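Numbers given in this note's numbering equal positions in the sequence shown, counted from 1, plus 6. Don't be surprised by glycine CBs; every beta carbon is placed ideally from N, CA and C. The structure displayed is predicted, hence computed values, not measured ones.
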Amino acid sequence: MIKFYFSKDLKQIDRDEAKKRVLESGGTIREDISKDLWYLVTNNPNASTENFKKARSLGVTFIDELDFLKMLD
């Protein structure tokens, strides 16, 4: 099951709408960063927040909103 984490910087789609679409597609939402997370959706992959640092150290794949939306099509 694909697991997503959404940053707060989304612009193309509301976070709640993005989460809803993931759930409707059979995916799951993570509210924290963990080793079982597949994708971190963000428009600022170079941010230096603790969550982003942790995600990088765990090898999580960062994607932007447009790539996320393409995945749902």
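Less than 9 Å separating the beta-carbons of Val28 and Ile39? Taking a C-beta distance under 9 Å as the contact criterion, Val28 and Ile39 do not qualify as a contact pair.
According to DSSP, Val47 sits in a beta bridge with which residue or residues? Bridge partners of Val47: Phe12, Ile69.
Residues near Gly33 by beta carbon distance below 8 Å, same chain, minus five either side: Excluding residues within five positions, the ones whose Cβ falls inside 8 Å are Met7, Ile8, Lys9, Phe10.
State buried or exposed for Thr48, treating a residue as buried only when at least 16 other CB atoms are found within 10 Å of its CB. Buried, since its Cβ has 16 or more Cβ neighbours within 10 Å.
Would you kindly work out how many angstroms separate the C-alpha atoms of Ala61 and Leu46, rounded to a whole number? In a straight line, the C-alpha of Ala61 is about 8 Å away from that of Leu46.
Just the C-alpha distance for Phe68 and Lys25, rounded to the nearest angstrom, thanks. For Phe68 and Lys25, the distance between alpha carbons rounds to 16 Å.
Report yes if the C-beta distance between Leu16 and Glu56 is below 9 Å; otherwise report no. Against a cut-off of 9 Å, the Cβ pair of Glu56 and Leu16 comes out as no contact.
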